[in-house]
Amino acid sequence: MTQPCTLPAATAPAGPASHAPYLPPVPRPPHDPLTLVLNGQLGWQALPGKPPAVPAATIGPLGQCGALTLLPLPGSGRTLPEASGSFGGLVLPRHMALATLGPCQQALLLFDATGRRLLRFDPCACVFTDAFCLRPQDPRLPSGPATLAASCGRLYLADPATRRVVVLNAATGAARGVWRAPLATPPCDAGSRLDDWQPAALAVAPNGDIWVGDRMHGLLLRFAASGCVLERHDGFGAVAALAATCDGSLLVATDGAEAVVFYDPATRRRLDPPLRPADLAGAFAPLPLTVHADGSVDLSALCSPPCAAPCVFDPSGTLLDAPPDDPPDAWPSTGTWHSQALDSGISECMWDRIVLGATLPAHTRLAIDVLTAETALQASDLFESGDWQPALALHPEPEGATAFDGIDYMLRARPGRFLWLRLRLDGNGAATPSLACVAIDFPRISWRRYLPAIFGAEPVSAEFTDRWLALFDRQFRDIERQIDTQARLFDPNSAPAGGRQDFLGFLAGWLGLGSGLSALPLTRQRAFIKHAARAFAWRGTPRGLTHTLYLFLGLQRWCGYSAGAAPCVPCASDIPERFRWRPPRLLLEHYILRRWLFLGFGRLSDNARLWGERIVNRSRLGAGAPPAAMPGCPLPGRAGSEGGDDCEPCVGAVHAGRHGAASPDESARLGVTQLKTAQDPWRDPFHVYAHKLSVFVPAACVRDPALARALAQLLKAEVPAHVQATLVPVEPRFRIGVQAMLGLDAVIGYRAAPAALDAMRLGRGTVLGGADRDGGARALRVGTRRVGMDTTMQ
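Using this note's numbering, you'd call the opening residue of the sequence shown number 67 and step up by one each time.
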């Protein structure tokens, strides 16, 4: 249903003097009430200042959703500038790093500064063990307390004592580089070097770059993976800890400071600092473990299988008998909050109802009062006014927290254009109520307008009638709201997904896409369903299959792309980088590979192949039977043929027996040849490559069983029944002579994975370790090592 605020004027009788269509509409209230919403995302519109009797603000937005709560007492609970560098448990402590070694493999590394050991967590035994077999005297290890960070398969160790950052291979421990005093001014090829520096903090940017905090000069330096300095920011003091949010902002903790610096490197501005760790809970990726205030971590969720009891390890990697006690939160017992003037824009507006969502722990209370006026009031007049009307009061259950979601109350305030809210929260000192959202409906559109005037003759009767009819009005308006917003159900970008209200799968069923899409990420599912119907006109063709595969791989913006003819010369180097990449070719029809060497048509230098009967291996029965004639060509020696005796005989298959004579009956052998009744034997050179194609997809689609099943179902539905499709997973390898078709299955990888026993096959793109300097171990090198004597497999 629409919600018009005005209705057109009544149309006058038709005639030449009628001007009704050009007259303005007659103002009147809307059919449905309007709504004002207050929450953490849209803003709470708090009234500046505070009542004179209140020494400090006790209510404010807190947490990820910005709910209104009692503000914690200063010095209570966990704080952002913790000594461990975890910023209240938002990130790992500075002495730990979580490295990604593969698509489904991670390694939790810990540096024990006391014993000078680099440890790695073993999830099977649920203990820390020595990583990379490094001895305490190894020069790659820091000489004292250090900060760890991991990104893109590299492990970074910032050592303030030796004034360097050591870069190791996170999988093997091999040294990849050492960063010493960097250039004073970026870029790397200009400027002068710093005389000295003291790297004391590390953070990983969302794009994989490394932020280094220089305690000596108060600098923040952004390094590329190659060690090149990209940015420099100064004026931060003695940097002690760093953390990068998902959007690239930085949290900077300095020595002796009671608050952290919230900094935006893109704009070089210092943002409003958060007060509590809960304020930034949504700015960081969730951790798979629990970090305590003293730097110890609970790794029970990482053990295999997960442990029911806590498994807490201190900063040295030692298992503790009991988890430490974090400082508890302390809250004030009561608090008051006032809103700004909420303007309805309607004179003498009758405010209808208030809807809220709140959570109240046991022994807490929430109360809301309202005040209305026809003109805006000053803050001092609001605090001293005695016209506040109670709107609601919530009390939780005696045990546990009680959630009030969507509960509504009718307002009984006087008519007025402006409305103010007064919120009062009462706690028990150990917990606080939480108000997530407040919605106010106005003006009151009652069904009393459809009843005789006697039901609203005087104010008391009118109010009673309105409140009694509101019981039914709420139910009908909920139904109308579903009708008003049902368009969102038919848009794949807004349709609900998952759970009992899954409408996205229903839309996929309309298009005949099946249930295989559930293996894709939700964003890709929505894009697939939205663009899938465009390929129906080309279904069963290479263009339609390519369009569908692009959607499956998340390349929907390239669905309309068609590759042009490739030039004979390389592309110019001045093409912008964003225009250089092109989507890969996913389909190869096998008829393109047809290279038979026919007499008078083939060329020896054109990868031509010589045809033979063994290629098809067809069985032929019937001794002495004359060969069948090819269409349009007579057989030799046949009287009365169109070509006569002078026509050139057809060249057919020649079968040589053991004595050299032609023996057609020996071409059928049990267990050797194949009995094929379909197709024409004379067209076997064409049928070998006809109706076949190869589909090239990234190997990651095949490693995941759910994705592999979804891809198989997709090919079964999209490939025509007479076409034989072969799925070819593409690995990052380039093997000349075996697998190296440029543009199809040849991908130059960054670095081959080291060979592991019982996990890889030699000759399949593997390497046998590296030099002895990579980690100090005796690597297996062909020609220099003997198996079984002094070799190790990395």
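Backbone N, C-alpha and C define an ideal beta-carbon position, used for all residues, glycine too.
In the structure shown, residue 405 falls within a strand segment according to DSSP collapsed to helix, strand and coil.
Annotated three-state conformation of residue 187 is strand, per DSSP. In terms of CA proximity to residue 449, 486 leads the group 486, 467, 433.
Of the candidates 591, 546, 409, 272, 409 places its Cα closest to the Cα of residue 509.
Shown here, residue 178 sits in a strand according to DSSP, grouped into three states. Beta-bridge partners assigned by DSSP to residue 749: none are found. The DSSP-derived three-state label of residue 608 is helix. DSSP places residue 616 within a helical segment (H, G or I) once states are collapsed to three.
Between the alpha carbons of residue 576 and residue 626 lies a distance of about 23 Å.
By a beta-carbon distance limit of 8 Å, residue 433 does not contact residue 501. Their separation comes to about 11 Å.
Of the candidates 602, 579, 155, 579 places its Cα closest to the Cα of residue 592. Residue 627 sits in coil when the DSSP states are folded into three classes, being neither helix nor strand. Under the DSSP assignment, residue 588 falls outside any beta strand (DSSP E), being part of the alpha helix (DSSP H) whose first and last residues are 588 to 598. Beta-bridge analysis with DSSP links residue 148 to no other residue. Residue 531 carries a helical assignment under DSSP once its states are collapsed to helix, strand and coil. Annotated as distal: residue 770 and residue 511, with beta-carbon spacing of 9 Å or more.
Where residue 763 is concerned, there is no enclosing alpha helix (DSSP H), although the beta strand (DSSP E) around it starts and stops at 758 to 764. The Cβ atoms of residue 214 and residue 176 sit closer than 9 Å to each other. Sequence-distant Cβ neighbours of residue 110 in its own chain, meaning closer than 6 Å and more than five residues away, are 104. Here residue 503 carries a strand assignment [DSSP, helix/strand/coil].
Here residue 383 is buried, its C-beta having at least 16 other C-beta atoms within 10 Å. When DSSP assignments are scanned along the stretch 267 to 347, the uninterrupted stretches of beta strand (DSSP E) that are 3 or more residues long and fall wholly within it turn out to be 276 to 280, 285 to 289, 295 to 299, 305 to 310, 316 to 320, 327 to 330, 335 to 337.
Residue pairing by DSSP leaves residue 537 without any beta bridge partner. Non-local beta-carbon contacts of residue 338 in its own chain, meaning distances under 8 Å to residues more than five positions away in sequence, involve 328 in chain order. At a Cβ-Cβ threshold of 9 Å, residue 166 and residue 154 do not count as neighbours.
Taking 8 Å as the upper bound for CB-CB distance, residue 582 and residue 776 are in contact here, some 4 Å apart.
Scanning its chain for C-beta atoms nearer than 6 Å, with the 5 sequence neighbours on each side dropped, one finds around residue 309 the residues 153, 157, 269, 317, in chain order.
If the five residues before and after residue 180 are omitted, its C-beta is found closer than 8 Å to the C-beta atoms of 382, all from its own chain and listed in chain order.
Along the stretch 461 to 519, the alpha helix (DSSP H) does not occur as any fully enclosed run of 4 or more residues. DSSP places residue 771 in the uninterrupted alpha helix (DSSP H) bounded by 771 to 784.
Across the structure, residue 810 and residue 653 are spaced so that their CA atoms are roughly 8 Å apart. In terms of Cβ geometry, residue 760 and residue 613 do not form a close pair [threshold 9 Å].
Look at residue 217 here: in three-state DSSP terms it is strand. With respect to the 9 Å criterion, residue 455 and residue 435 are classified as neighbours on the basis of their beta carbons.
The C-beta separation of residue 396 from residue 142 comes to about 4 Å, placing the pair in contact by the 8 Å criterion. Going by beta carbons, residue 147 and residue 306 fall inside the 9 Å limit.
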